[in-house]
Amino acid sequence: MGERELTILIGGEAGQGLATLGPILCKSLVRAGYYVVVTQSYQSRIRGGHNTFAVRASVDEVAASGEAVDVLAAFNEETVGLHRGELTPAGIIIADGAFGVEGEDVLAVPYEELAEGRYRNVAALGVVACLVGLDEELVAGVVEGYFGKKGKAVAENREALAKAFAWAGALEPRYRRPLAAVERPAERLTLNGNQAIALGAVSAGAKFCAFYPMTPSTSIPLTLVVHAEEMGLVVEQAEDEIAAINMALGASYAGAPSMVATSGGGFALMVEGVSLAGMTETPVVVVVAQRPGPATGLPTRTEQADLEFVLRAGHGEFPRAVFAPGDVEECFHLTRKALELAQKFQGPAFVLTDQFLADSFRAVEPFDVDGLPPVGSYAAPAEFAEPYARYAAAESGVSPRLLPGMSRNLVVVDSDEHTEDGHLTEDLDARVRQVEKRRRKENGIRAEVVPPVYEGPAKAEVLLVGWGSSKGAVAEAAADLGGNGAKAATLHFPQVWPLVPEQFVERLREAKRVVCVEGNATGQLARLIRAETGFEVGERVSRYDGLPLTPEYILRELKT
Amino acid sequence: MGERELTILIGGEAGQGLATLGPILCKSLVRAGYYVVVTQSYQSRIRGGHNTFAVRASVDEVAASGEAVDVLAAFNEETVGLHRGELTPAGIIIADGAFGVEGEDVLAVPYEELAEGRYRNVAALGVVACLVGLDEELVAGVVEGYFGKKGKAVAENREALAKAFAWAGALEPRYRRPLAAVERPAERLTLNGNQAIALGAVSAGAKFCAFYPMTPSTSIPLTLVVHAEEMGLVVEQAEDEIAAINMALGASYAGAPSMVATSGGGFALMVEGVSLAGMTETPVVVVVAQRPGPATGLPTRTEQADLEFVLRAGHGEFPRAVFAPGDVEECFHLTRKALELAQKFQGPAFVLTDQFLADSFRAVEPFDVDGLPPVGSYAAPAEFAEPYARYAAAESGVSPRLLPGMSRNLVVVDSDEHTEDGHLTEDLDARVRQVEKRRRKENGIRAEVVPPVYEGPAKAEVLLVGWGSSKGAVAEAAADLGGNGAKAATLHFPQVWPLVPEQFVERLREAKRVVCVEGNATGQLARLIRAETGFEVGERVSRYDGLPLTPEYILRELKT
Amino acid sequence: MVKLEDYGKYETAWCPGCGNFAIVEAVKKALVASALEPHQVLFVSGIGQAAKAPHYLNANVFNGLHGRSLPVATGARLANPDLKVIVQSGDGCNYGEGGNHLLAAIRRNVDVTTLVHDNLVYGLTKGQASPTSEEGFVTKAQPHGPTAEPFNAIAVAVAMGASFVARGFSGETDHLAGLIEQAIAWRGFSLVDILHPCVSFNKVNTFAWFKKRCYPLPADYDPTDFDAAMQKAYEWDERIPLGVVYRKERDPFETRFAPTARGPLAGQEVDRAALAKVLERYA
Amino acid sequence: MVKLEDYGKYETAWCPGCGNFAIVEAVKKALVASALEPHQVLFVSGIGQAAKAPHYLNANVFNGLHGRSLPVATGARLANPDLKVIVQSGDGCNYGEGGNHLLAAIRRNVDVTTLVHDNLVYGLTKGQASPTSEEGFVTKAQPHGPTAEPFNAIAVAVAMGASFVARGFSGETDHLAGLIEQAIAWRGFSLVDILHPCVSFNKVNTFAWFKKRCYPLPADYDPTDFDAAMQKAYEWDERIPLGVVYRKERDPFETRFAPTARGPLAGQEVDRAALAKVLERYA
Ligand SMILES: Cc1ncc(C[n+]2csc(CCOP(=O)(O)OP(=O)(O)O)c2C)c(N)n1
Ligand SMILES: Cc1ncc(C[n+]2csc(CCOP(=O)(O)OP(=O)(O)O)c2C)c(N)n1
Ligand code: SF4
Ligand code: SF4
Ligand SMILES: [Mg+2]
Ligand SMILES: [Mg+2]
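Protein chains in written order, with my numbering: chain L, 9 to 568; chain F, 9 to 568; chain V, 14 to 296; chain Z, 14 to 296.
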């Protein structure tokens, strides 16, 4: 027997190792067969402050994090004070005996006896792992994977782990919170959203990424850097975000499927480049990892307030697609789709994620590497009219794209309005033809829209509408409402532009009560839905305190 | 007797002096008591190409330019070929005899005899002026105003003018197209949209402008430069647009009412700064002079395609106001209003103009300088709680703003989310309070919205909806429809954000046919109206060839 | 009389051992030595660890965007020439994202003191190479070290004829305070590149590394000698000179604008008579 | 054999008498002398009169945004190291709006030839001061002349140890063609600042003004001598040296990226076996 589900929250200062231990714990849980959903909360500083790494581990598939804590691993005293209130009735606190924290629910650990200073982290991991019922060897394997197999540190880590398991194994049952046993499944991956974006991009043939560091996007290029050599990628830190997107456009023009990743303020600087991508019809994937604004805002927190900004970014009019992955799998697959669309329709495609999803580790079924459909480059088409004209007014709006230097054909692209052969023009008829040509691409993009997903009974009493990273929380809130007898359903938008009303408007109309759940203050998706369908969403659940939407939060707000 | 209205089109190459002669002709017409509407069309080059300066002059008040030409003054042969087709049946062509252009409608002028090379322009002006019935002394006075009263050139200009008047005065009546006589009115101003924006800003107390040159916005700072010393303004050309807006924010923080002026691509670079203005609650007026995009597009032409872009520019959520003047007077008064709102609600306020309006000279009733209400700075309020906190959570959302260095109180502003005293914070409750405080300012801004103007009978059969520079064209198209017996009305939006549905939605609902007239391809105002009211505009008239909307264009499109 | 305490004591978000602490102390000392009161001083900063510094000082603060402090400072100086404006930001802020503004500020000779907290790394974003990172400086983003040569701000500033160019080290706090005081007193643009250890992300250019190399420019060093300055600008690997490397008087930027001569723009009302005259010209 | 005619003849949007014409001729000559065929060459430009130049040449063209040609060129070089990449843009583009990219390109030593058409003015926007405009250069935007000192690109580039720094003059077209040819052949970043008259907006630095001052660097001038280069960088008012001012070999940027060694990235398919291995590491 054991728990079907547990939330383990590790709390402490920046620099105490949460960012290392957390992922090790996750990977161990995933290897052991559990599902996990991670919420990381940290501050814009390197040492000190208060950070948490919360893992919701479950026997059953879960997709959202919860607010209640079952196991609180406190790396400092402050953590106990801050999070004790979140403990479930049976919850326990694991804290260094030296803190002198008292209470029925406190397990005071004699870390001093278990390990030397720098290995105490691993000892803490061991205690937690043991108490939730993980296998020592399994955990040791994961630790080895992180720290390598050789050197003194490895042996010391192993020893600390062993001592911790031994000590915790000998505790009274009341301190144990073992998860119910599951059969160890076939191998699964432990990935967070940003890793999945990076890997999705690589799998789709991305070959170039330029970036300027910005939380919470930086782990995307950093993941690409790790695999750059084996996967034949060029990743370059640019002097600023303007350079980053212009480099990506240069690389893309020259044939490398290209991307940039940034966050709000950095994206703001890329806006002129986005318009350039639209005008020159150069493929580029732009990942925007949202955090609370305006300006610098809360740089390490989460929000969903850049939807309208990204949607309208850039002067002038040109087509685009905007994806908003709802989980780690969607991060992988929608980034692939963004790359595909960017190449196919020759322009910018966006992936809108946020800090919560970026840092949220999950258990992911392995991707079928050989089965992944190849992403076309759509460059160098077999047929085109001679003499070659980069912007020939194709019926589909998609002109034949050749690569410079790959043939004797010259590829001329221009940020000014241009003739079909790419040269700048003041001919206003040519202008009209190009505007209309570019607009015709919208039809193709529309035809490939990933439709919103409706789940639940038809004609719902309550329909929760959401987009992006709140997917799991919204689903769980609806399930909870359903469990209480309400006819509750959800409508999740993995793609927020273009919207194809026929795909969903009936669902909105037939529901009794429609609530748009968004991680912003003004209801951006709700406004967009109204603009595109005329349907006015009656109610909104908004969150803008920097924390992710949770099922509990949604349910609380629904009541008020 | 004479014509009630005439369109005079001067055409030639860049560098032939159209940009000087055109305004002289306008000012002469205005001084003589006529109304004028100018359309300037030019290319992105300094010499050569084909430019036109068209003046619609009228005895009655007019607000739009037309397409038909009554007097075509051709500075080169090409002009004749390009514009002959636009001539009204009684239209005439005034061309250098040396061109050898033939035809009933051609007045071949022996410029060689009238003046030496560099004075031929003035001679051409003289011929045109004489034929449309202007007084020689009046024109001479205007010429003097432009070229000064002294020096050899003045005498030569005067002589050329005299000879031209003498020559043209002796022509047969069939070449004359005199405007009907009007009483010379009290003094009026001849201003184009950009001059009016600059003067409006100065009159409202703008003290600082930073800019980076960009057509068609550049004449705003250039007008400010002309008056900088007498009006105590600091105008600085920045190293780029990012610097421009950040300088303006620095100056504004330190107490100078500040502005920037740019066009699409330059504005794209300012977007991060806009968000900074929102977060730090620093007043700034941002003038965006639209031209066709994306990217460099058609740099010297006109369009209205940056409405949504400006509206959503900047990451995160913060209030703003967006004005869209419809004529030169509105340029003046709405820029004043933008300054007022920026100061009062402490944030960015936008003026959205375009190349057509920027360059369109009109006759303007003099402003009542002493009667202009002073624009408050709203800085240094008399009352605030001690200790001073820049972001104290005022009920109105508007916190007390002091100026640094002006008292012993310290003024701390931050692009991070902050506490009430302006210091960066990771306190999520403080975050929520500040988000809500900033949002409360929306109410104040809403309360001051300049409402859309409805003209025409209630329950119109056709309601033409427009915004910004198309005001005159839309009004005239409706008048034309009305003249043909239709119950036609117009709804003009001088302010496009926020929209207050109660101010206009009934008008939309009660009209039989609603047509949104916009200088863009996708119908941005129509979409915005739907987002804010749910009302779907059924029909659109779009123009995106780089030319301004004209009554004729609208009527043609309405028919199809 | 202004005292050190007037500039307050704050809790910081910095790592224990960080060089930023000493820099803030030096700044306070310099302000006191300059007899400036908190409300007379405006600190402008960007984003980064260094850019938090103004929050730990009792003064006016405009903490703006990453890389954009110089334009903000320039605008503020123009609007109120009575304010003593000091920029505090990192090497990434000033030499990376904000490079173009540094060039412009030097050319303008705007009377702003710019303190670049130079830790040769991007601290706040967790240790990527900065423009000053040295060859072979391995990071998660640069597994083989930076792909570009380090930016030599001193050399560029001197080559451009910047009006005041100095280098300090957080470990020589009194010396640094003296430099900052001179920079504040300087009429025109002053750049002080301040080397400091980042204990969390720069394990190469540590306190000891700097300590071993840094030496004060000798008393007979002539900072008005351009050639000597150019030479000193390239001393780095073995020995790093501290002090005022170059100095050249030029009229500050602000003097080119007539209205600033009349004091803060904020107080200057619209002159209606002048406005009427201006409008008259369009009649 | 490639011939001059292969690079075509186009109508331009330039003013008669503009120095840009001669620059385009010099570029064509240099390309022919370099035996480069049109499809092997990529011109990247920004926005301005100079930036139109690539439209008047028969080659691949990426005419991007004002000030942003260097990043585009850098990306293109990385994606296809077989392309000969040449940037053509104005002084405003490269030293004004794009200043930060110039610094970065020099530091990276990316193998791109940058031809700066330097007319000391913003031509296309009708005559405002540019970063290189001299003191007292009166314009409608600068009625008392520029508010900042002129930017000395040569001095900054040399001070930064740029790998190839040269100056040409449109009026010495053959000499200029030779410079461009050398710049194209150079492995690494090459900057050629090309003085040229703007007949419409620069009435000070006219053809005659340049002609009177410009002289070729003597045959015995050693462009590898840093000190000499620094000295030449400041010659301006009376005499302006033309030629390669400074040269220093360094590995080009592209060599730091393993995948570029395998040729254009465009041809490189996703290695599924490698991908499987990569994913395995997350299990
Ligand atoms: C436009 C923008 N891009 C990126 C960032 C993210 N960012 C914050 S601080 C920083 C680098 C800081 O480095 P540095 O200026 O050297 O300061 P340090 O932290 O080392 O003191 C970056 C890239 C940002 N805030 N804004
Ligand atoms: C972002 C942006 N800002 C401003 C402009 C307007 N603009 C076009 S060309 C130019 C200056 C051109 O000067 P320079 O680079 O010296 O080229 P020149 O015309 O003198 O050859 C400017 C400011 C623009 N196109 N884009
Ligand atoms: S990360 Fe480095 S620079 Fe930042 S506070 Fe820590 S030690 Fe200082
Ligand atoms: S404006 Fe100047 S640079 Fe431009 S084409 Fe004319 S002469 Fe040449
Ligand atoms: Mg740093
Ligand atoms: Mg120029």
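Where is the CB? At the ideal position from N, CA and C, for every residue including glycine.
Here F/PHE364 has THR47, THR310, SER477 and PRO556 as same chain residues with Cβ atoms under 7 angstroms from its own Cβ, once five neighbours each way along the sequence are excluded. Judged by beta-carbon spacing, Z/ILE197 lies beyond the 7 angstroms limit of Z/THR87, meaning their Cβ atoms are not closer than that value.
Of the residues F/GLU526, F/VAL508, F/LEU472 and F/VAL525, the one whose Cα lies closest to the Cα of F/ALA519 is F/LEU472. Listed along chain L, the residues sitting closer than 9 angstroms to F/GLY286 by beta-carbon distance are GLY301, PRO302 and ALA303. In the three-state scheme derived from DSSP, where H, G and I count as helix and E and B as strand, L/ILE32 is classed as helix. Under the Cβ distance rule, L/SER477 does not count among the residues neighbouring chain Z, no pair being separated by less than 7 angstroms. In the three-state scheme derived from DSSP, where H, G and I count as helix and E and B as strand, F/VAL513 is classed as helix.
In the same chain as F/LEU257, and ignoring 5 residues on each side of it, the C-beta atoms closer than 8 angstroms to its own belong to SER266, GLY281, LEU284, ALA285, THR288, THR290 and VAL292, in chain order. Below the 7 angstroms Cβ cutoff, chain F contributes GLY258, TYR261 and VAL421 as neighbours of V/PHE75, in chain order. In the three-state reduction of the DSSP assignment, F/PHE331 falls in the strand class.
Burial check for L/VAL470: the Cβ neighbour count within 10 Å reaches 16 or more, so the residue is buried. For Z/VAL134, the CB falls within less than 6 angstroms of some heavy atom of ligand 6. Secondary structure of F/VAL336 (DSSP, three-state): helix. Considering only L/LEU566, L/LEU306, L/VAL151 and L/LEU139, the residue with the shortest C-alpha distance to L/TRP175 is L/LEU139. Taking a Cβ-Cβ cut-off of 9 angstroms, the neighbours of V/ALA154 in chain L comprise PHE219, PRO221, THR226, PRO229, LEU230, VAL233, VAL243 and GLN245, given in sequence order. Partner residues in the beta bridge of Z/ASN73, as assigned by DSSP, are Z/LEU55.
Interface residue (Cβ-Cβ distance to chain Z less than 7 angstroms): L/GLU237 is classified as such.
Taking the beta carbon of L/VAL117 as reference, no residue of chain Z falls within 9 angstroms; the closest one sits roughly 31 angstroms away. Taking a cut-off of 8 angstroms on C-beta distances, the segment 213 to 230 of chain Z does not touch the segment 73 to 81 of chain Z, as fewer than three cross pairs fall below it.
Beyond the five residues adjoining it in sequence on each side, V/ASN93 comes within less than 6 angstroms, by CB distance, of PRO277 in the same chain, given in chain order. In summary, L/ASN492 is exposed, with fewer than 16 beta-carbon neighbours lying within 10 Å of its beta-carbon over all protein chains present. Judged by beta-carbon spacing, L/ASP314 lies beyond the 7 angstroms limit of F/VAL440, meaning their Cβ atoms are not closer than that value.
By the Cβ rule, the segment 210 to 229 of chain F does not count as touching the segment 242 to 256 of chain V, because fewer than three pairs are nearer than 8 angstroms. Here the segment 279 to 289 of chain Z makes contact with the segment 200 to 213 of chain L; the two share three or more CB pairs at distances below 8 angstroms. Here L/GLY240 is near Z/PRO272, since their CB atoms are less than 7 angstroms apart. Its Cα nearest to that of F/LEU499, the residue F/GLN511 stands out among F/GLN511, F/ASP488, F/TRP505 and F/PRO506. Residue-level contact check: Z/LEU128 does not touch chain L, since none of the beta carbons of chain L fall below 7 angstroms from its beta carbon.
The beta carbon of F/PHE501 sits closer than 6 angstroms to the beta carbons of PRO460 and TRP475 from its chain, once the five residues preceding and following it are set aside; these are given in chain order.
For F/ALA313, the residues of chain L that pass the 9 angstroms Cβ criterion are HIS323, GLY324 and GLU325, in the order they occur in the chain.
About 13 angstroms separates the beta carbon of Z/ASN122 from that of Z/LEU115, a gap too long to meet the 8 angstroms contact definition. Leaving aside the five residues that flank L/ALA123 on each side, the residues in its chain whose CB is nearer than 6 angstroms to its CB run, in chain order, ALA131 and ALA168. Counting along the chain, the unbroken alpha helix (DSSP H) around L/PHE275 starts and ends at 272 to 288. Counting only runs of 4 or more residues that sit fully inside the segment 478 to 510 of chain L, the alpha helix (DSSP H) segments are 479 to 491, in chain order.
Residues are counted here when their Cβ sits less than 9 angstroms from a Cβ of chain V; for the segment 45 to 63 of chain L these are GLN51, SER52, ARG53, ILE54, ARG55, GLY56 and GLY57, given in chain order. Comparing alpha carbon positions, the residue from F/PRO412, F/ALA393 and F/GLY379 closest to F/ALA387 is F/PRO412.
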